[in-house]
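J.: So that we are looking at the same thing, I have put the structure below in structure tokens.
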Amino acid sequence: MRVLIATAVEVEADAVRRGLGDRDDLVVAPIGVGPANAAAATARLLTLAEAAGEPYSGVLSMGIGGGFADVVDLGGLVVATRSIAADLGAQSPEGYLTIDELGFGRAVSEVDPALHALLRGRLRDAVSGDVLTVSTVTGLAGRAQELRLRYPHAAAEAMEGAGVAAAAATCGVAYAEIRAISNAIGPRDRAAWQIGAALQALTGAAATIGDSLEAL
Ligand SMILES: O=C(O)c1cccc(C(=O)CC[C@H]2O[C@@H](n3cnc4c(=O)[nH]cnc43)[C@H](O)[C@@H]2O)c1
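Heads up, the sequence shown is in the UniProt record's numbering, so the first residue is 1 and it goes up one at a time.
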């Protein structure tokens with residue numbers, strides 16, 4: 001299976017490439033931070049590949065992320081069961097309204113069942129759960145609590161999954177997401193972020209899934 005692995009930034013792409021080694025059918029590309037950059041860049045890469053006669057059949061959003069501390073440890077891995085655009089909606093005095101409730105689309109992107117099963121099968125120590133896509137990194141206890149209550153099955157948050165998923169859906173390509181946890185979701189404490197451990201976990205995950213992705 002020819003798969004595009006979309007990371008936000010170059011250091012994440014390098015961490016994934018280190019784990020994959022040289023592989024013809026697995027391409028790693030940094031697509032920018034945030035859902036809009038991710039959607040635009042991923043759609044471009046998928047479309048260019050199709051036009052060149054070498055279409056991708058899957059796209060994997062992969063990178064570091066924040067984790068809910070009661071669900072996953074720093075340095076741990078999360079395989080997304082769904083990617084959810086968690087701040088695409090409207091505030092109201094009665095509470096948050098999702099984009100679905102507003103009647104303008106879907107906040108939830110389903111992952112491809114076969115790709116998800118493969119990732120779960122290979123990454124036995126990974127936590128499975130919803131991964132939230134946010135445009136603002138959570139940095140307050142109250143916001144973390146709000147997200148926890150609204151999305152009880154969430155394990156992690158990051159900034160690209162829903163954008164990559166939108167591009168994949170537009171281009172008719174299978175989609176999945178993996179996050180390596182660099183920080184706990186809650187009051188911002190940048191000094192406590194363990195980016196090195198998360199990048200190592202990304203490398204390990206890439207090494208573990210590489211063979212089976214190529215063979216899918
Ligand atoms: O500062 C560094 O050395 C460094 C190295 C690699 C990556 C970064 C990033 O900041 C990447 C931004 C990327 O990280 C995701 N992320 C990480 N933690 C969170 C979070 O708590 N909430 C939301 N997103 C998070 C996100 O996907 C960004 O694109 C820095």
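Using N, Cα and C, we set each Cβ at its ideal position, and we do this for glycine too. Nothing here was measured: the structure is a model prediction, and the numbers come from that model.
Provide the residue span of the beta strand (DSSP E) that contains SER83, from first to last.
T.: Unbroken beta strand (DSSP E) run through SER83: 77 to 85.
J.: Hey, LEU213 and VAL59: beta-carbon distance below 8 Å or not?
T.: No, Cβ-Cβ distance for LEU213 and VAL59 is not below 8 Å.
J.: Using a Cβ-based criterion (distance less than 7 Å to any ligand heavy atom), does MET62 qualify as near ligand 1?
T.: Because no heavy atom of ligand 1 lies under 7 Å away, the Cβ of MET62 does not count as near it: no.
J.: Would you identify the three-state DSSP class for GLU94, choosing helix, strand or coil?
T.: Of the three classes helix, strand and coil, the one that applies to GLU94 here is coil, per DSSP.
J.: Are there 16 or more other CB atoms within 10 angstroms of the CB of residue 222, so buried, or fewer, so exposed?
T.: Outside the shown range of the chain (1 to 216) lies residue 222, about which nothing can therefore be said.
J.: Measure the Cβ-Cβ separation of GLU160 and PRO35 and say whether it is below 8 Å.
T.: Yes.
J.: Leaving out the 5 sequence neighbours to the left and right, which residues in its chain are closer than 6 Å to ALA207 when beta-carbon positions are compared?
T.: So the list reads GLY19, once near-sequence residues are dropped.
J.: Considering just the uninterrupted stretch of the beta strand (DSSP E) at VAL28, what are its terminal residues?
T.: Element bounds for VAL28: 26 to 30.
J.: With distances taken Cα to Cα, identify the nearest neighbour of ARG179 among ALA141, LEU123, VAL173.
T.: Checking every option, the nearest Cα to that of ARG179 belongs to LEU123.
J.: Buried or exposed for ASP70, going by 16 or more other Cβ atoms inside 10 Å?
T.: The residue in question, ASP70, is exposed, as its Cβ has fewer than 16 Cβ neighbours within 10 Å.
J.: Between ARG120, THR138, LEU202, ALA85, which lies nearest to ALA6 when the distance is taken from Cα to Cα?
T.: The residue with the shortest Cα to Cα distance from ALA6 is LEU202.
J.: Note the first and the last residue of the continuous alpha helix (DSSP H) segment covering THR47.
T.: Run containing THR47: 35 to 51, per the alpha helix (DSSP H) assignment.
J.: Ignoring anything shorter than 3 residues or poking outside the region 100 to 161, list the beta strand (DSSP E) runs there in chain order.
T.: Entirely contained in the region 100 to 161, the beta strand (DSSP E) runs reaching 3 residues are, in chain order, 108 to 110, 127 to 133, 154 to 158.
J.: Say the cut is 7 Å; is the CB of VAL134 nearer than that to a heavy atom of ligand 1?
T.: VAL134 Cβ: within cutoff of ligand 1.
J.: Measure from the alpha carbon of ILE31 to the alpha carbon of each residue in TYR151, ILE195, THR42, then state which is nearest.
T.: Residue THR42 is the option with its Cα nearest to ILE31.
J.: Start and end of the alpha helix (DSSP H) containing ALA197?
T.: It spans 195 to 215 - the alpha helix (DSSP H) in which ALA197 sits, taken as one unbroken run.
J.: I need the DSSP call for GLY186, collapsed to helix, strand or coil.
T.: GLY186 falls in the coil class under three-state DSSP.
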